[in-house]
Amino acid sequence: MKKKQKPIYIILGTRAQIIKMAPIMSMLEDEGIEYELINTEQHVENMDILLQEFGIKTKLRKLINNKNEAKSIDLFGKWMFKIFLLSINPLSIRKVFNQGRGIILTHGDTATTAWAAIYGKLCLNKVMHIEAGMRSHNLRKPFPEELMRRITGLFSDYHMCPDEVAVNNLKHYPGKKFNTGANTLYDSIMLANNVISTNSKEYVKIINEFKIPQKYALVSIHRYENIFKTDVLNTLVDLIELASTT
922 MKKKQKPIYI
932 ILGTRAQIIK
942 MAPIMSMLED
952 EGIEYELINT
962 EQHVENMDIL
972 LQEFGIKTKL
982 RKLINNKNEA
992 KSIDLFGKWM
1002 FKIFLLSINP
1012 LSIRKVFNQG
1022 RGIILTHGDT
1032 ATTAWAAIYG
1042 KLCLNKVMHI
1052 EAGMRSHNLR
1062 KPFPEELMRR
1072 ITGLFSDYHM
1082 CPDEVAVNNL
1092 KHYPGKKFNT
1102 GANTLYDSIM
1112 LANNVISTNS
1122 KEYVKIINEF
1132 KIPQKYALVS
1142 IHRYENIFKT
1152 DVLNTLVDLI
1162 ELASTT
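Laid out in structure tokens, this is it:
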């Protein structure tokens, strides 16, 4: 008799998490493995569009009603309050984990990451942290990302680490550590290339419409500290200029 699969819950809250988790979700769907995709609404804009761009068929289920994403201290506080109210309501357990206890996949270093690990563990689920073990060893740089990673590590049963350095960073943490030797962001780029190949006519239309040259690079300066510190920003611009000429 085939053993019944335990429910899989992928809890995400930001656009970056969708981008980095897209390869895992795509692989689960290719293997015919069902999972629940849950959005904490930390980000609300373009979440469904991103899933569509990566060819993810599983529908995103929203936990709260949040019209404005948490992009300022005030809005982040309001979002956290809604999540707190959800967490202390005993009836919310069924809303979040509507298929019963299972395994939670939480990614990275956001507030959603830590909340999913804490709440999931308290509700007697197993927690798997994707991209685990990465450390700056300085709680203030970056903040609060470093803190979120450390909290998540304390509540995780399985730590999926990108390399041996990340594994060693978790030697004093509970749970099983795995060196995946993989970077899901790299996998996302490969997946995006496959999507582009599959929908080549559509993308050719976009390239022609915006007059995009054959050779180009898209640069994203992700963190605020990279913009607000002049020396760091100047270094990044110098590196970009160097890369563009080689």
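In terms of the working numbering, the sequence shown is residues 922 to 1167. For each residue, glycine too, the CB sits at the ideal point set by N, CA and C.
Does DSSP put residue i in a helix, a strand or coil?
i            : result
residue 925  : coil
residue 1033 : helix
residue 1116 : helix
residue 1174 : Outside the modelled stretch of the chain, which goes from 922 to 1167, sits residue 1174, for which no answer is possible.
residue 959  : strand
residue 975  : coil
Where do the ends of the alpha helix (DSSP H) carrying residue i lie?
i            : result
residue 982  : That residue, residue 982, is in no alpha helix (DSSP H); its beta strand (DSSP E) goes 981-983.
residue 1055 : Unbroken run through residue 1055: none, as it is neither H nor E.
residue 1064 : Unbroken run through residue 1064: none, as it is neither H nor E.
Do you know offhand how far residue i's Cα is from residue j's?
i            : j            : result
residue 1035 : residue 1076 : 8 Å
residue 1104 : residue 1083 : 6 Å
residue 977  : residue 940  : 11 Å
residue 1093 : residue 1058 : 14 Å
residue 1070 : residue 1056 : 8 Å
residue 927  : residue 1011 : 22 Å
residue 1163 : residue 1090 : 33 Å
residue 1128 : residue 1134 : 8 Å
residue 1039 : residue 1073 : 7 Å
Measure the beta-carbon distance from residue i to residue j and round it to whole angstroms, keeping in mind my assumption that it falls under 8 Å.
i           : j            : result
residue 991 : residue 1112 : 27 Å between Cβ atoms; not a contact.
residue 959 : residue 931  : 7 Å
Sufficient close CB pairs (3 or more, under 8 Å) joining the region 927-940 to the region 1025-1040
Output reads yes: the region 1025-1040 touches the region 927-940.
Given 8 Å, three or more beta-carbon pairs between the region 1042-1054 and the region 1066-1086
The region 1042-1054, when compared against the region 1066-1086, does touch it at the 8 Å Cβ threshold.
Three CB pairs or more closer than 8 Å across the region 936-951 and the region 1104-1113
Taking a cut-off of 8 Å on C-beta distances, the region 936-951 touches the region 1104-1113, as three or more cross pairs fall below it.
Using a Cβ distance threshold of 8 Å, determine whether the region 981-991 contacts the region 1143-1152, with at least three qualifying pairs required.
No: the two stretches stay apart, fewer than three of their Cβ pairs being nearer than 8 Å.
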